[in-house]
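Residue numbers (my numbering): 29 to 157.
Note that beta-carbon positions come from the ideal geometry of N, C-alpha and C, so glycine has one too.
Structure, as structure tokens:
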Amino acid sequence: MLNKQEIKILLVEDDNFLREICTKKLTKQGFIVYEAIDGEQALKKLEKVRPDIILLDIILPIIDGFEVLKQIRSHKDKKIQKTPIIILSNLGQKNDVDKAFTLGANNYLIKAHFTTDDILDKIKKELSL
Numbered sequence: 029m030l031n032k033q034e035i036k037i038l039l040v041e042d043d044n045f046l047r048e049i050c051t052k053k054l055t056k057q058g059f060i061v062y063e064a065i066d067g068e069q070a071l072k073k074l075e076k077v078r079p080d081i082i083l084l085d086i087i088l089p090i091i092d093g094f095e096v097l098k099q100i101r102s103h104k105d106k107k108i109q110k111t112p113i114i115i116l117s118n119l120g121q122k123n124d125v126d127k128a129f130t131l132g133a134n135n136y137l138i139k140a141h142f143t144t145d146d147i148l149d150k151i152k153k154e155l156s157l
């Protein structure tokens, strides 16, 4: 089991306010948070950071979250392929949620229906903390 102070989270969110709130909450809890504001940046940081878990928005500039999810799940590095991914999205339609799970998301939170505590709970669950 990982120590919380060693856990690296890649937060992929283009909304500055939400990204700052999430980063603040997670760093306060002892996690190391790396931020990306679009899909392209996320894929680049993925290689450098090698996060333990990814929080991924779907509606992103340049490369959308569905494509990022696809590329992670088909990555040549098996460890990166298996990184837990929690979707944080405004898209709450059943077909969007189903698509995310079909592409390999581990969990899905609809932005209008969650708090930062909910995100924290999902991270702990995915990483067995």
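Taking C-beta atoms as the reference points, S117 and I87 count as a pair closer than 8 Å. Here P89 is exposed, its C-beta having fewer than 16 other C-beta atoms within 10 Å.
Just so you know, the alpha carbons of L97 and A128 end up roughly 8 Å apart. Secondary structure at L148: helix, using DSSP grouped into helix, strand and coil. Bounds of any beta strand (DSSP E) do not take in A70; it lies within the alpha helix (DSSP H) bounded by G67 to V77. Distances from the alpha-carbon of H141 to those of G120, D126, S102 and K153 put G120 closest. By the Cβ neighbour-count rule, Q69 is buried, with 16 or more other Cβ atoms within 10 Å of its own. A check of alpha carbon separations from K107 across A64, N123, P79 and K122 identifies P79 as the nearest. Rounded to whole angstroms, the separation of the alpha carbons of E41 and R47 is 6 Å. For L97, the uninterrupted alpha helix (DSSP H) run begins and ends at G93 to R101, by DSSP. Counting every other CB atom within 10 Å of its CB across the protein chains shown gives D66 a total of 16 or more, marking it as buried. L83 places its beta carbon 8 Å or farther from that of I60. Just so you know, the alpha carbons of E75 and H103 end up roughly 10 Å apart.
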